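Residue numbers are given in my numbering: position 25 of the sequence shown equals residue 25, and the series is strictly consecutive.
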Amino acid sequence: MTVGISALLFVPVTAQNRVSSNSTASAQPIHISQQALARVGEQIYQNETGGKLENLVSWNVGENFPSLGIGHFIWYKAGERDKYEETFPALVAFLRQSGVPLPAILQKYPTAPWPHREAFNQAKARGELQELTQFLANTKDYQALFIFQRLQNALGKMKAVSQYPDFIEIKFYEVANAQNGLYALIDYVNFKGEGINTNERYQGEGWGLMQVLENMALTHNGQTKAEKDQAILADFRRSAVQVLTNRVNNADPTKGESRWLAGWKNRIQTYQP
C-alpha cells in the first residue's frame with residue numbers, strides 16, 4: 001500500500017516564529033518533510049518492535065492491554081482502564097478520517113476484543129491477527145504522521161500545566177531546531193507521553209516530555225551550530241535518562257520496572273545527532 005500524506009506535512013519552523021511565551025495555545029506548526037518523517041517512523045518502528053513484523057501486535061507480560069502499531073499504541077478492552085493513556089482508538093479515528101480502509105477487526109470492534117493476554121496470543125497463533133498486522137505494516141507513514149501531530153499539539157498542553165511554561169517552550173524549540181532533535185521529540189512523546197496526565201505519576205512525579213524539558217540545563221555551550229546541537233541533544237538525553245531512572249525508583253517494586261531501564265536508556269541514545 002502506498003500512502004500519500006505529503007499534503008498534510010509542513011516545512012521547518014524557526015525559533016523566531018514562536019507564539020508569545022504567555023500563550024497556552026499550540027505554537028506555530030513544527031515542520032518536517034515527508035522523507036524525514038518516514039525515516040523517523042522507521043526508527044520508531046525499530047525502537048518498538050526490533051524491526052520484527054510480528055511485534056506490531058503484542059501484549060507484554062504483566063500488562064492488561066495489547067500494544068499495537070509502530071508506536072505500540074495502547075488499546076484497552078471494554079471497561080478496562082489503567083494509569084497509561086489509551087492511544088490506539090485515536091489512531092484508528094485518524095486513519096478513518098484520512099480515508100484509509102480499515103481491516104475487519106477494526107470495523108467490528110471499538111475496544112480490544114480479547115479478555116486477556118492468553119486469548120490474544122492464542123488468536124495470534126491461529127493467524128487471526130494477520131490482517132491487522134499487515135495493515136499496521138502498510139500504514140507506518142500514517143502512524144508516524146499521527147505521532148508527529150501529537151507532538152505539534154504537545155507544547156500548548158504542556159505550557160498550560162507546567163510551572164515553567166516559558167522555560168519549556170525555549171527548550172522545546174532548542175531541541176526541535178537541533179540536528180536529530182525532531183526525532184528525539186517525536187519519539188519521546190510517543191514513548192512516554194507529554195507528561196501532563198496526572199494519573200501517569202509515581203509518588204507525584206511524572207516521566208513525560210514535559211518533565212524532561214523542565215529538567216534540562218539553562219544554557220548549552222558550543223562555538224558552532226553543530227557543537228551546540230550536540231550539547232542540546234546530550235542534555236536532552238541526560239535529562240530523559242534521569243527522569244526515567246526516577247520513574248523506576250519511584251515505582252512499586254512489585255512492578256519490576258527496573259527490567260525495562262537498560263532498554264529505555266539504549267533507546268534514548270538513538271537521539272544522538
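Cβ coordinates follow ideal geometry from the N, Cα and C atoms, glycine included.
Predicted model, so just to flag it, every value in this text is computed and none were measured.
Output the residue ranges of the alpha helix (DSSP H) runs that lie fully inside the region 46-112 and measure 4 residues or longer, sorted by chain position.
88-97 and 104-108, all fully within the region 46-112.
Based on DSSP bridge pairs, tell me the residues matched to residue 202.
As a first step, residue 202 must be located in the sequence shown, where it is residue number 202. In DSSP, residue 202 forms a bridge with 205.
Mapping the DSSP letters down to three states, classify residue 262 as helix, strand or coil.
What you label residue 262 is simply residue 262 of the sequence shown in a count that begins at 1. Judged by DSSP in its simplified three-state form, residue 262 adopts helix.
So what does DSSP say about residue 166, is it helix, strand or coil?
Mapped onto the sequence shown, residue 166 falls at position 166. Per DSSP, reduced to three states, the secondary structure at residue 166 is helical.
I need the boundaries of the alpha helix (DSSP H) containing residue 155, first residue and last residue.
To locate residue 155, count along the sequence shown from 1; it is residue 155. Its alpha helix (DSSP H) spans residues 140-161.
Inspect the beta-carbon positions of residue 85 and residue 197 and report whether they are closer than 7 angstroms.
The residue given as residue 85 occupies position 85 in the sequence shown. The residue given as residue 197 occupies position 197 in the sequence shown. Yes, the pair counts as a contact, with Cβ atoms nearer than the cut-off.
Pairing CB atoms from the region 111-128 with CB atoms from the region 173-189, are three or more of them under 8 angstroms?
No, the region 111-128 does not touch the region 173-189.
Helix, strand or coil for residue 234? Go by DSSP, reduced to three states.
Locating residue 234 in the sequence shown gives position 234, where the first residue counts as 1. Helix, per DSSP.
Suppose contacts are defined by Cβ-Cβ distances below 7 angstroms. Is residue 135 in contact with residue 155 by that definition?
Counting from one through the sequence shown, the residue named residue 135 turns up at place 135. Counting from one through the sequence shown, the residue named residue 155 turns up at place 155. It is not a contact, given that the beta carbons lie outside the stated cut-off.
What three-state label does DSSP hand residue 251 in the structure shown?
Within the sequence shown, the letter at position 251 stands for residue 251. Looking at residue 251 - three-state DSSP - the assignment turns out to be coil, as it is neither helix nor strand.
For residue 246, the three-state DSSP class (helix, strand or coil):
Position 246 of the sequence shown, counting from 1, holds the residue named residue 246. Helix.
Count the other CB atoms, across all protein chains shown, that sit within 10 Å of the CB of residue 199; report buried if there are 16 or more and exposed otherwise.
For the purposes of this step, residue 199 is taken as residue 199 along the sequence shown, with counting starting at 1. Looking at its Cβ environment, which holds fewer than 16 other Cβ atoms inside 10 Å, residue 199 is exposed.
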